[in-house]
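All the letters of the sequence shown, read from the start, carry residue numbers 662 to 749 under the numbering used here. All residues carry an ideal CB built from backbone N, CA and C; glycine is no exception. Nothing here was measured: the structure is a model prediction, and the numbers come from that model. A quick write-up on the structure given underneath.
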Amino acid sequence: MAAMGQDVPAGPGWAGKFHEAMGRIPCPWGGCGVFVKGEVELFEATSTAVLHLAPLSVHLVREHAFFQGRGSRYRLDPAPLARALGLA
Ligand SMILES: [Zn+2]
Numbered sequence: 662m663a664a665m666g667q668d669v670p671a672g673p674g675w676a677g678k679f680h681e682a683m684g685r686i687p688c689p690w691g692g693c694g695v696f697v698k699g700e701v702e703l704f705e706a707t708s709t710a711v712l713h714l715a716p717l718s719v720h721l722v723r724e725h726a727f728f729q730g731r732g733s734r735y736r737l738d739p740a741p742l743a744r745a746l747g748l749a
């Protein structure tokens, strides 16, 4: 978030940019609090993969094992996500 619209450091083969947004959004499961809006957009150099990492999206994966539906802008598709995290 400190990048404020500038490039952000990303792993090898990935480029990232932070996009700020106003407001907060609650977890749809409830009882988890609210999460600031805004996202880091990650682009993979060797594919067309684009990941939109928002605080709520990261929470949904970590706490609810929910990667969001196919076609959703905020889906964190497990295969490119694993590559971005250096796990694949
Ligand atoms: Zn939650």
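Distances from the alpha-carbon of residue 742 to those of 663, 671, 665 and 666 put 671 closest. When the five nearest sequence neighbours on each side are left out, the beta carbons in the same chain lying within less than 6 Å of the beta carbon of residue 729 are those of 735 and 736, in order along the chain. The C-beta distance from residue 699 to residue 727 rounds to 20 Å, too long to fall under 8 Å, and the pair is not in contact. The beta carbon of residue 665 sits closer than 8 Å to the beta carbons of 679 and 681 from its chain, once the five residues preceding and following it are set aside; these are given in chain order.
By alpha-carbon distance to residue 684, the top candidate from 746, 732, 695 and 748 is 695.
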